[in-house]
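Protein chains in written order, with the numbering used here: chain B, 13 to 167; chain A, 13 to 167; chain C, 13 to 167. Note that the Cβ used here is the ideal one computed from N, Cα and C, for glycine as well. Data block below; observations after.
Okay, structure coming up:
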């Protein structure tokens, strides 16, 4: 059996979690676009003040930080600090042949943790709530990284 | 035939597109360095105001945001929001054995879209032009993520 | 022998370097958390000003940029601009079967360069010192990307 094929249920779990992570990261870009268009503010570049289909009513303060838009950018940044680490740690984890139950718990746990983190961030829950889900996701990736190192060293 | 070998033309297309993406992301760092040195501004850390080989004429306003330099940083951020998603979605896409023509269209299409996005951003084209190329690249990655999920679920 | 298995010493070197990169990126998040809690400043979202376990003494200026905390965020951003590129370039590099000695030099060299970059950044060494280690890491990733392209084209 090939390790990186859908016949391997550990790889299938990884493929689902990693693909959902892809949709989360790309979707966050679209949440920023949606919010930017909705409030017609939070633009990033001077040329975005030109009148056009996107910006029908230009005004200089559209380049200032707008919390509604910037919140989506902060969510995106937090994703980029955590999800690519999962992508590579998860792939390496698959390649060192972990137990299936452990792979499923960690991978679906990561998806759940990041989903709840996004929900908490978007709805302005307290720092404690957001930090809890961040911690869960981060510890999963750190565990997978350590597991891989251990497997190589004891290999 | 091994899926992840150069004998597989789907993998070869991915390897070309992913490696070009690597050169784009790393090259963007060097564009920032080039612009920072050219205008001697847009530094990021207080210690960068020490006189030295990089900064021969220190001045406090060198830490302020400089659009010429910051534009390259914004291009870099946009890359990081899109290209790592392509790297993992593309790899998973290869592993679920898509048709060759589809893989080539999507992968070279992504490279083209991101190249044109960079050109539009660097030359300050309108938000509409930049958004068009962003959208094309983003939809390609989103499609690949959905294709992978569908392949796993229908296994 | 499977290319992506621990029986392949080139893959083993990659797995060690990539996993250390994962721990570096995730650890940088925790350095930000540690610094934020230590100085009780540098928060990112308005709701972080609510009193709670994390923030026992809220004050409006806690949302301002704090260099001690922001330094860790800048280190994180620099990691994200370099380490994911290594993850994918390194994986592709393994898949085109480079000489073992070259793979080990590049992969452990990257880990060393990024470790020294982090040390130089955290301890506020001069821009020249930081730039030297950045350059070394960046050139390694760029070399691996070119090597992969060359292998595909001459494949």
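C-alpha of residue 38 of chain A to C-alpha of residue 109 of chain B: approximately 32 Å in a straight line.
For the set C:90, C:55 and C:77, the Cα lying nearest the Cα of residue 146 of chain C is the one of C:90. The Cβ-Cβ distance between residue 122 of chain C and residue 149 of chain C falls below 7 Å. Annotation for residue 159 of chain B: 105, 108 and 110 place their beta carbon closer than 8 Å to its own, counting only its chain and skipping 5 residues before and after. Only buried fits residue 96 of chain B, as 16 or more other CB atoms lie within 10 angstroms of its CB. A Cβ-Cβ distance of about 7 Å is found for the pair residue 126 of chain B and residue 94 of chain B, placing them in contact under the 8 Å criterion.
The beta carbon of residue 64 of chain A sits closer than 7 Å to some beta carbon of chain C. Contact between residue 64 of chain B and residue 76 of chain A fails: their C-beta atoms lie close to 29 Å from each other, not under 8 Å. Contact between residue 28 of chain B and residue 117 of chain A does not hold, since their C-beta atoms are separated by about 25 Å, which reaches or exceeds 8 Å.
Counting the other Cβ atoms within 10 Å of the Cβ of residue 68 of chain A gives fewer than 16, which makes it exposed. Residue 113 of chain B is outside the set of residues whose beta carbon lies under 7 Å from a beta carbon in chain A. If you check the CB distance, residue 22 of chain C and residue 130 of chain C do not come in under 7 Å. Among the residues of chain C, those whose CB is under 7 Å from the CB of residue 99 of chain A are 100, following chain order. Runs of alpha helix (DSSP H) with 4 or more residues, each lying fully within the stretch 13-68 of chain B, are found at 21-51, listed in chain order. Residues of chain A with a Cβ closer than 7 Å to the Cβ of residue 17 of chain C do not exist, since the nearest Cβ in that chain sits about 12 Å away. Rounded to the nearest whole angstrom, the CA to CA distance from residue 82 of chain C to residue 155 of chain B is 26 Å. In the assembly as shown, residue 135 of chain B is an exposed residue. Its beta-carbon has fewer than 16 other beta-carbons within 10 Å. The three-state reading of DSSP puts residue 149 of chain A in helix, counting H, G and I together.
Proximity of chain B to residue 60 of chain C at the Cβ level (cut-off 9 Å) is accounted for by 138, 139 and 142, in chain order.
With respect to the 7 Å criterion, residue 18 of chain A and residue 167 of chain C are classified as neighbours on the basis of their beta carbons.
Against residue 79 of chain A, the close residues of chain B are 57 and 58, in the order they occur along the chain (beta-carbon pairs closer than 9 Å). Contact annotation: in the stretch 84-97 of chain C, residues whose CB is within less than 8 Å of a CB in chain A are 86, 92, 93, 94, 96 and 97. Rounded to whole angstroms, the Cβ separation of residue 119 of chain B and residue 26 of chain B is 6 Å, and the two are in contact under 8 Å.
Looking only at A:56, A:113, A:35 and A:137, the smallest Cα-Cα distance to residue 24 of chain A is reached by A:113. DSSP places residue 167 of chain A outside both helix and strand once states are collapsed to three, so it counts as coil. Within chain C, 27, 30 and 31 have C-beta atoms less than 7 Å from the C-beta of residue 104 of chain B, given in sequence order. Under the three-state reduction of DSSP, residue 76 of chain C is assigned to coil, being neither helix nor strand. Residues of chain B whose Cβ lies closer than 8 Å to the Cβ of residue 134 of chain A do not exist, since the nearest Cβ in that chain is about 11 Å away. Assigned with DSSP and collapsed to three states, residue 137 of chain A falls in coil, not helix or strand. Taking C-beta separations shorter than 8 Å and ignoring five residues to either side along the sequence, the partners of residue 74 of chain C in its chain run 52, 53, 54, 55, 60, 61 and 67, following chain order.
For residue 161 of chain C, the closest of A:31, A:14 and A:20 by C-alpha to C-alpha distance is A:31.
In terms of Cβ geometry, residue 84 of chain C and residue 44 of chain C form a close pair [threshold 7 Å]. Scanning its chain for C-beta atoms nearer than 6 Å, with the 5 sequence neighbours on each side dropped, one finds no residue around residue 57 of chain B. Approximately 11 Å separates the beta-carbon atoms of residue 98 of chain A and residue 34 of chain A; this is outside 8 Å, ruling out the contact.
DSSP, reduced to helix, strand and coil, places residue 108 of chain B outside both helices and strands of the structure shown, so it counts as coil.
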